[in-house]
Amino acid sequence: MSILKNWLGRSSVSDFDFSKLGTDMHSHLIPGIDDGSNSLEESIDMLLKFKNLGYKKIITTPHIKTGVFDNSSDLILSGAKLVQDEIKKRNIDIEFEAAAEYFYDFSFIEKIEKNDVLTFSNNHVLVEYSFNQAPMGENEMFFALQMKQYNPILAHFERYPYYHGSTRKAEELRNKGIKIQVNLLSLFGHYGPQIQKQAALLIKERQVDLLGSDCHRIEHLQFLEKNLKNDLLNRAGDLGLFNNQL
Ligand SMILES: [Fe+2]
527 MSILKNWLGR SSVSDFDFSK LGTDMHSHLI PGIDDGSNSL EESIDMLLKF KNLGYKKIIT
587 TPHIKTGVFD NSSDLILSGA KLVQDEIKKR NIDIEFEAAA EYFYDFSFIE KIEKNDVLTF
647 SNNHVLVEYS FNQAPMGENE MFFALQMKQY NPILAHFERY PYYHGSTRKA EELRNKGIKI
707 QVNLLSLFGH YGPQIQKQAA LLIKERQVDL LGSDCHRIEH LQFLEKNLKN DLLNRAGDLG
767 LFNNQL
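Numbering (the working numbering), first residue to last: 527 to 772.
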């Protein structure tokens, strides 16, 4: 983090107020359909924690990845209904809706062609790449989405090692109207120092559109809670980069 030390290095910071973000647009809270929440109880516990942190609205985005998480739109929406019914039953004051986190593969292209794509807030679609291999043909994929009036968001950009050390690709995508999302946990080093460094660079260069929790389990939110004084998080808030009006 040495190159960013001077830019960070704040002497005192206050607790970050998550109501600044308002909405979280990346999480895994539909029970039992991906590697996120395992039960309705666990989903409710996480939602209560989000509410305590100051969030008003949660857009959950279960994985859709061929051969790993073969979730259909109907399955996700019926799972969301279960959670919404429980929220109502327990009288919890938080908005909850579902879309998906689409892994960029051949079946995603088919889904775009069939208009079988779950969206949120003005037709936004969350897309992720492989962590191991730089994508191929992604410009065509984004173009196909945009031709159908979808607004693509690339999930956790800082976690793709093949883009580390530069913000060039983020700038290129943003110039084409694709939004860049960064995980909150990356700011605290949850995925390691390289990813933390890339997140810091993206924030410093103002190449981030959205901050998401990518919450899979309650420990992720406890980790957020423990890092409210984090320099990078507060600097991002000071810069007003993340006004998530979704
Ligand atoms: Fe995710």
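All C-beta atoms, glycine included, are put in the ideal place defined by N, C-alpha and C.
Within a Cβ cutoff of 8 Å, which residues of the same chain sit near residue i, ignoring the five residues on either side of it in sequence?
i       : result
Gln-720 : Pro-687, His-690
Leu-765 : Ile-729, Arg-732
Please name the residue, chosen from the options, that lies closest to residue i on a Cα-to-Cα basis.
i       : options                            : result
Phe-576 : Asn-649, Gly-738, Lys-755          : Gly-738
Ile-783 : Ser-692, Tyr-676, Ser-712          : Residue 783 cannot be examined here, being either before or after the span of the chain that is shown, 527 to 772.
Tyr-628 : Lys-695, Leu-652, Arg-616          : Leu-652
Thr-587 : Leu-547, Leu-566, His-650, Gly-580 : His-650
Lys-699 : Phe-683, His-589, Leu-713          : Inspection of the sequence shows that residue 699 is occupied by Leu rather than by Lys. Taking only the C-alpha atoms, the option nearest Leu-699 is Phe-683.
Arg-616 : Leu-603, Phe-657, Asp-571, Leu-601 : Asp-571
Lys-668 : Asn-701, Val-734, Glu-621          : Residue identity differs from the one stated: residue 668 is Phe in this sequence, not Lys. Among Asn-701, Val-734, Glu-621, the Cα nearest to that of Phe-668 belongs to Asn-701.
Thr-693 : Leu-728, Leu-644, Ile-679          : Leu-728
Gly-562 : His-742, Asp-757, Asn-756          : His-742
With hydrogens ignored, establish whether the beta-carbon of residue i is closer than 6 Å to any heavy atom of ligand 1.
i       : result
Asp-740 : yes
Glu-684 : no
Glu-627 : yes
Excluding the 5 residues preceding and the 5 following residue i in the sequence, name in chain order all residues of the same chain whose CB lies nearer than 6 Å to its CB.
i       : result
Asp-631 : Thr-592
Phe-634 : Tyr-628
Ser-565 : Pro-557
Leu-754 : Asp-541, Phe-542
Exercise. Would you check if the stretch 590–609 and the stretch 552–564 touch, i.e. whether three or more CB-CB distances between them fall below 8 Å?
Key: Touching, per the Cβ criterion.
Quiz item: Does the stretch 750–764 come close enough to the stretch 632–642 to have 3 or more Cβ pairs within less than 8 Å?
Solution: no
Quiz item: So, do the stretch 663–681 and the stretch 742–752 have three or more beta carbon pairs nearer to each other than 8 Å?
Solution: no
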